[in-house]
Amino acid sequence: GIDEIRNLRENIKFPPMSAQYKVYIIDEVHMLTNQAFNVLLRTLEEPPVHGKFIMCTTDIHKMPATIISRCQRFDFNRISPKIIADRMKHILNVEKIEFDEESVSAISRKADGSVRDALSLLDQVISYTGDNIVFNEISKVLGLIPYDMFFDLTTAIKEKNGKQLVTVLNNIRSLGTPLEDVV
Numbered sequence: 387g388i389d390e391i392r393n394l395r396e397n398i399k400f401p402p403m404s405a406q407y408k409v410y411i412i413d414e415v416h417m418l419t420n421q422a423f424n425v426l427l428r429t430l431e432e433p434p435v436h437g438k439f440i441m442c443t444t445d446i447h448k449m450p451a452t453i454i455s456r457c458q459r460f461d462f463n464r465i466s467p468k469i470i471a472d473r474m475k476h477i478l479n480v481e482k483i484e485f486d487e488e489s490v491s492a493i494s495r496k497a498d499g500s501v502r503d504a505l506s507l508l509d510q511v512i513s514y515t516g517d518n519i520v521f522n523e524i525s526k527v528l529g530l531i532p533y534d535m536f537f538d539l540t541t542a543i544k545e546k547n548g549k550q551l552v553t554v555l556n557n558i559r560s561l562g563t564p565l566e567d568v569v
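Read in order, the letters of the sequence shown correspond to residues 387 to 569 in the numbering used here.
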C-alpha cells in the first residue's frame, strides 16, 4: 500500500549503518496500488546512491511501464523437472523414505518448474503415504489422470468415435482435474 511505500521512501534517505547499501526487496510488486506506484516512481527517479531495490513479480504485465523503464530486468526461468526430481530424491534419501522413480517424476512435473511447489506436494504425499511413496497411491493425492484415460482419449480421437470421446471426457471431468492438465 501507499503507507508502506511512503515509509520506505522516508527510510531510504538515511544511509546504512554497517553496510554499503540498503537493499529493499518488494515481493509481489505488481500488487501495489496506483498511488503506491506513483510514490515508488518518485524514489526510483532520484534514488540515493546507497539504496537498491529488488522488485519481484510473476505478473510483469501488471507493472507500469514507467517503473519498468527505470529498472534492470532479470527474467528467471522455471527449473527443469530433472533438477527438481534430483533434489527430491536427495531429501527422500536423507529422510529414509522409500520411493519409486515414477512418483518423483510425477511430482516434479506437477510442480511446473517450482521447487517450492514440488516440496509442498512432496510434503502432502509423505503425509498421505507415510514412509513408502508409490505412484498408484500418490496419483490420488496429486489429482493425476490415469494413463489408461489418455490411451482411451487418443484411441477415441484416432477412431473418430464421438460417443467414446464424450464418455472419456466425462470421466476426466468427473476426476475434477483441470483440463489444462489433460492437454
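Quick reminder that beta carbons are idealized off the backbone N, C-alpha and C, glycines included.
Sequence-distant residues of its chain with Cβ nearer than 7 Å to K399 (five each side left out): When the five nearest sequence neighbours on each side are left out, the beta carbons in the same chain lying within less than 7 Å of the beta carbon of K399 are those of P434, in order along the chain.
Through-space distance from D461 to T429, alpha-carbon basis: Near 23 Å, if we compare the C-alpha coordinates of D461 and T429.
Counted within 10 angstroms of its Cβ, other Cβ atoms place L508 as buried (16 or more) or exposed: Result: buried.
I531 - partner residues in DSSP beta bridges: I531 has no beta-bridge partner at all, per DSSP.
Local Cβ density within 10 Å of P402, reported as buried at 16 or more and exposed below that: By the neighbour-count criterion, in which a residue is buried when 16 or more other Cβ atoms sit within 10 angstroms of its Cβ, P402 is exposed.
Length-filtered (4 minimum) alpha helix (DSSP H) runs lying within the region 451 to 492: Within the region 451 to 492, the complete alpha helix (DSSP H) runs of at least 4 residues are 451 to 454 and 467 to 480.
C-alpha gap between E545 and V490, whole angstroms: Taking the straight line from one Cα to the other gives about 34 Å.
Residue(s) in a DSSP beta bridge with M441: Its beta-bridge partners are I412.
Residues that N518 bridges to, as DSSP identifies them: DSSP output for N518 lists E484 as bridge partner(s).
For I524, three-class secondary structure by DSSP: Three-state DSSP puts I524 in a helix.
Nearest neighbour of R464, chosen from I483, S500 and K408 [CA to CA]: Closest option to R464, Cα to Cα, is S500.
Exposure of P467, with buried meaning 16 or more beta-carbon neighbours within 10 Å: It is buried - the Cβ of P467 has at least 16 other Cβ atoms within 10 Å.
DSSP state of H436 mapped onto helix, strand, coil: Of the three classes helix, strand and coil, the one that applies to H436 here is coil, per DSSP.
CA-to-CA distance, D567 to N518, given in whole angstroms: Rounded to whole angstroms, N518 to D567 spans 26 Å at the Cα level.
Buried/exposed call for V569, threshold 16 Cβ in 10 Å: V569 counts as exposed, since fewer than 16 other beta carbons sit within 10 angstroms of its beta carbon.
Contact check, M474 vs A504, beta carbons under 9 Å: A contact, by the Cβ cut-off of 9 Å.
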